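S.K.: Quick note, the sequences are listed as chains A, B and C, same order.
Heads up, the first sequence is in numbering that gives the first Met the number 0, so the first residue is 0 and it goes up one at a time.
Heads up, the second sequence is in numbering that gives the first Met the number 0, so the first residue is 0 and it goes up one at a time.
Heads up, the third sequence is in numbering that gives the first Met the number 0, so the first residue is 0 and it goes up one at a time.
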Amino acid sequence: MPVRLWRKPLDAEKVKLPKAEIHILKNQCKGCGFCIQFCPKKVLEESEEINARGVHPPKVVDESKCIICSFCTSVCPDFAIFIVEKPCKEGC
Amino acid sequence: METVMAHPFAKYLREAMMPHIWCSGCGNGIILNCFVQAVDELQMDLNKLVVVSGIGCIGRAAGYVNTNSFHTTHGRPIAFATGIKLANPELEVVIISGDGDLFAIGGNHFIHAARRNIGIKVICANNFNYGMTGGQQGPTTPVEALTTTTPYGNIEHPFNLVHLAAASGATYVARWTTLHVRRLTQSIKKLLQKEGFGFIEVVSPCPEIFGRYNKMRTGLEMMEWFRKVSAIENFSDPAKAEITPERIVVGEFVDIAKISYEKLIHEKIAEINEKKMQW
Amino acid sequence: MNQKRVILEGSHFMNGDIACAEGAIAAGCRFFAGYPITPATEIAEHLAQRMLEVGGIYVQMEDEIASMAAVIGASYAGLKAMTATSGPGFSLMQENIGLAVMTEAPCVIVDVMRGGPSTGQPTLPGQQDVMQAKWGSHGDYEIIALAPSSVQEMFNLTIEAFNLSETYRVPAIVLADEVVGHMWEKVAIPPAQKIKIVNRKKANAPSEAYAPFMPDDDLVPPMACFGEGYSFHATGLTHDEHGYPQTSSSEVQQKLVKRLCDKIRKNADKIVRVEEVLLSDADIVVVAYGIVARAALSAVRKARAEGIKAGLLRPITLWPFPENHVAKIAQQTKAIVVPEMNCGQLVREVERAAKETPVTFLSKLGEEPHTPMEIFEAIRRNS
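1) Can you list, in chain order, the residues of its chain whose CB lies under 8 Å from that of isoleucine 263 of chain C, leaving out five sequence neighbours each side?
2) Indicate whether aspartate 280 of chain C and lysine 308 of chain C have their beta-carbon atoms separated by less than 8 Å.
3) With C-beta atoms as the reference, is serine 259 of chain B less than 8 Å away from glycine 195 of chain B?
4) Would you check if the segment 199 to 218 of chain B and the segment 55 to 68 of chain A touch, i.e. whether three or more CB-CB distances between them fall below 8 Å?
5) Quick one: which chain C residues come within Cβ less than 8 Å of valine 172 of chain B?
6) In the structure shown, what three-state DSSP assignment does glutamate 1 of chain B receive?
7) What does DSSP give as the partner residue(s) for arginine 351 of chain C in the beta ladder?
8) Which residues of chain C have a Cβ atom closer than 8 Å to the Cβ of glycine 26 of chain B, listed in chain order?
9) Does the beta-carbon of serine 230 of chain C have 16 or more other beta-carbons within 10 angstroms, so that it is buried, or is it exposed?
10) Examine the Cβ distances between the segment 111 to 120 of chain C and the segment 237 to 250 of chain C and report whether three or more of them are shorter than 8 Å.
11) Kindly list the residues whose CB is nearer than 8 Å to the CB of leucine 364 of chain C, restricted to its own chain and excluding five residues on each side of it in sequence; keep chain order.
12) Since glycine 97 of chain B and glycine 134 of chain B are thought to touch, with beta carbons under 8 Å apart, how far apart are those beta carbons, to the nearest angstrom?
13) Going straight from the alpha carbon of tyrosine 122 of chain B to that of valine 93 of chain B, what length do you get?
14) Alpha carbons only, please: which of C:Thr40, C:Lys195, C:Ala25 is nearest the one belonging to serine 52 of chain C?
15) So what does DSSP say about glutamate 373 of chain C, is it helix, strand or coil?
16) How long is the line joining the alpha carbons of asparagine 323 of chain C and alanine 352 of chain C, rounded to whole angstroms?
17) Is there contact between the segment 150 to 161 of chain C and the segment 178 to 186 of chain C, where contact requires at least three CB pairs shorter than 8 Å?
18) Hey, would you say aspartate 139 of chain C sits closer than 8 Å to aspartate 128 of chain C, going by beta carbons?
19) Using a Cβ-Cβ distance under 8 Å, would proline 17 of chain A count as near chain B?
20) Helix, strand or coil for glycine 62 of chain B? Go by DSSP, reduced to three states.
21) What are the residues of the segment 93 to 123 of chain C that lie near chain B, defined by any Cβ-Cβ distance shorter than 7 Å?
22) Going by beta carbon distance, what residues of the same chain come within less than 7 Å of leucine 123 of chain C, once the five residues before and after it are set aside?
23) In this structure, how does DSSP classify lysine 120 of chain B when only helix, strand and coil are distinguished?
24) Hey, is glycine 82 of chain B's beta-carbon within less than 8 Å of any beta-carbon in chain C?
25) Considering tyrosine 288 of chain C, what are the terminal residues of the beta strand (DSSP E) in which it resides?
26) On the DSSP letters alone, give me the boundaries of the beta strand (DSSP E) that glycine 180 of chain C sits inside.
27) Thinking C-beta only, is valine 349 of chain C closer than 8 Å to isoleucine 378 of chain C?
28) Taking its Cβ as the centre, do 16 or more other Cβ atoms sit within 10 Å of tryptophan 21 of chain B, making it buried, or is it exposed?
29) State the start and end residues of the unbroken beta strand (DSSP E) segment that holds methionine 112 of chain C.
30) Would you mind reading off the limits of the alpha helix (DSSP H) that contains histidine 324 of chain C?
31) Can you give me the C-alpha to C-alpha distance between leucine 31 of chain B and leucine 46 of chain C, rounded to a whole angstrom?
32) For glutamate 251 of chain B, decide whether its Cβ has a neighbour in chain C, counting only Cβ atoms nearer than 8 Å.
33) Counting only C-beta atoms, is glycine 30 of chain A closer than 8 Å to chain B at any point?
34) Taking Cβ positions only, does serine 186 of chain B come closer than 8 Å to chain A?
35) Under the three-state reduction of DSSP, which class applies to glycine 90 of chain A: helix, strand or coil?
36) Would you give the residue range spanned by the alpha helix (DSSP H) that arginine 313 of chain C belongs to?
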């Protein structure tokens, strides 16, 4: 789409984008890779480390890209990942 | 990132029973996850919730939910749940069980519970085979699929579970895959608020057993298959809701209002006793 | 609700099946799930009317497997629950009877025995399910089974079955036969307050501390039901005191299965009931139960009239088997006669308990139970 047709909300400057805090319970991970594969923003990737179950849990590549859709939380069969919104102070 | 924070749904799980027994890439954990999320969003009274399951991998789900739970004999969770619901209609009775448990050995109970419209809610994990016993052919195994008991390809026709449920009289019928986590969660919420018999089929990956024999060795491959071929067709004809390698029709198929069996029987009891008083 | 209209009292003329149904209502049973089968159908028919009158639930399930499962569910939801059937249906119930044993669900199963095996002779009597009642489900367990001999006993023993089942958290079986089920006799029903009713021990621990399968000293755990504020898990898998599956611990298996057996075995003295007639000086004793015991009683009286010192020992509880009673009588008497409407079931238990004392078995199959003369002849031959 040509750039001239983009529309910017009038209050875009005022709205603060929520920031994510990604929690990975590494030792609960069974390494299925669903959270990595289906993250719409590709926030996660497989880590090098080996957890208590002998698999590579995910690691965060760039937390700032997370839009808190929490798809990873829901699609994790092992309750090993969840997102909380960072408490937002002025100017966060 | 190191964390000490507990998972927001941890309180719905029995810590002593974790970790669950399910393989890496299995969809059962996703179904459990979506179920507790629905329970959380509805702020359900856990004291009034009873989770019942039969035998099979997903049969263990009942024990994992931190509420009243009962793990019955193979195929019998619906019959068992019927007794609970009639004895105490205030309880919300949910069955989480598998396709083999509910539709092979337990098929008769399913159609009759739906016919009676008893107010129990059934969530079925359909993984196309008997996982716990090592991958035998079942009532949902696709034609030509390889299993340990169909080494030359399956020659039986699978049930279309949503069609069966709709034809038997269920008031709510839906099918999702474990990739449709949001829709599944919302659908479970709807199911839990329905009066009468409701049913959700969840097509779920079984990479270690079913996938192994059918060229989908990881959960990711099976989930990618769901992503590629799923088509959401809400309120389409469930008779045409196919599951083939090329197409998986998902969505809500039935959502109707019908008075439940337990309401009717208690109405009858009230009516009879009113008459008696007039003698 | 006008209770007087609802709970029967006084003298009534009824058949055994109806007496059983009324006994269930008097015992506080408020849930019945069943499936039609001759010769037990009248129990379901009667309860289809009566259960709703007393505010209870009657549900006709799709088969006996479902009936038994629903009964366990209702029991766990807090109601006293029952089902009634005959041989073929009893066979179908066996797996879930095992579930009731394993999860310690109080419940009552009525088996009005007909002629088997298989479909056999649906309208004719039999005593062929005696061993099935004890050993029908897989695995090791103990169970309670009562054998009524009269219509009055169909009423009384159904109440007794509920009381025992609630006390020990074990399925209790009323093992009737077609004759007792279909026979019409007078039944005297005492006022409700004079009928002894036992209810299960309720859980009273704080919910956090509640372990659903932690037994008291009597080996029976107090029971919480769904919706009472205790969140607990129950399973047919081998489980620990918390109800959690322990499928690979031999220690837990030993402990659990042994307790399930011991709670009946160690309380057998309190459970076992027999009727003893003219035993003190008897040279020959007939051991008979159910309808056959009535012919046996006639035979014993006739023998006495002819100078033979005969007596009758009638086991009312077939399971646990009254082996101490039989062992004791075997030491005093010269011979034992066991008439049964089968090819030899309870006689095996009698032989085991009687040790050296000779035991004669008198089999009868088909249309009618033993006549008093047939049993008398056996007494005379063996005295």
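Ideal Cβ positions, reconstructed from N, Cα and C, are used throughout, including at glycine.
As the structure is a computational prediction, the values presented were derived from the model and not from experiment.
M.R.: So, to answer that:
1) Glu141, Ile142, Ile143, Tyr167, Val169, Ile270, Pro319
2) Contact flag set, yes.
3) yes
4) In short, these stretches do not touch, since the Cβ pair count stays below three.
5) The premise fails here: valine 172 of chain B is roughly 20 Å from chain C at the closest Cβ pair, so nothing lies under 8 Å.
6) A caution first: glutamate 1 of chain B carries a pLDDT of 49, below 50, which makes its placement in the model unreliable, though a value can still be read off. In the three-state scheme derived from DSSP, where H, G and I count as helix and E and B as strand, glutamate 1 of chain B is classed as coil.
7) Its beta-bridge partners do not exist; DSSP assigns none.
8) By Cβ distance, chain C contributes nothing, its closest Cβ being about 21 Å from glycine 26 of chain B, past 8 Å.
9) buried
10) Judged by Cβ distances under 8 Å, the segment 111 to 120 of chain C makes no contact with the segment 237 to 250 of chain C, as fewer than three pairs qualify.
11) Gly114, Gly125, Met340, Asn341, Cys342.
12) Incorrect: roughly 13 Å between the Cβ atoms, too far for contact.
13) Reading the sequence as shown, one finds isoleucine at residue 122 of chain B and not tyrosine. Between the alpha carbons of isoleucine 122 of chain B and valine 93 of chain B lies a gap of roughly 8 Å.
14) Reading the sequence as shown, one finds glutamate at residue 52 of chain C and not serine. Comparing Cα positions, the closest option is C:Ala25.
15) helix
16) 7 Å
17) yes
18) no
19) no
20) helix
21) Glu94, Asn95, Leu98
22) Arg113, Gly114, Glu177, Gly365, Glu366
23) Here lysine 120 of chain B sits in strand by DSSP.
24) yes
25) Here tyrosine 288 of chain C belongs to no beta strand (DSSP E), and DSSP marks it neither H nor E.
26) Secondary structure note for glycine 180 of chain C: it is in no beta strand (DSSP E), and the uninterrupted alpha helix (DSSP H) holding it is 177 to 181.
27) no
28) buried
29) Methionine 112 of chain C -> beta strand (DSSP E) spans 106 to 114.
30) 322 to 331
31) 40 Å
32) Glutamate 251 of chain B does not count as touching chain C.
33) yes
34) Serine 186 of chain B does not count as touching chain A.
35) Only weak support is given to the placement of glycine 90 of chain A: the predicted model assigns it a pLDDT of 48, under 50, and the value that follows is read from those uncertain coordinates. In this structure, glycine 90 of chain A counts as coil in the three-state DSSP scheme.
36) Element bounds for arginine 313 of chain C: not the alpha helix (DSSP H) but the beta strand (DSSP E), 309 to 314.
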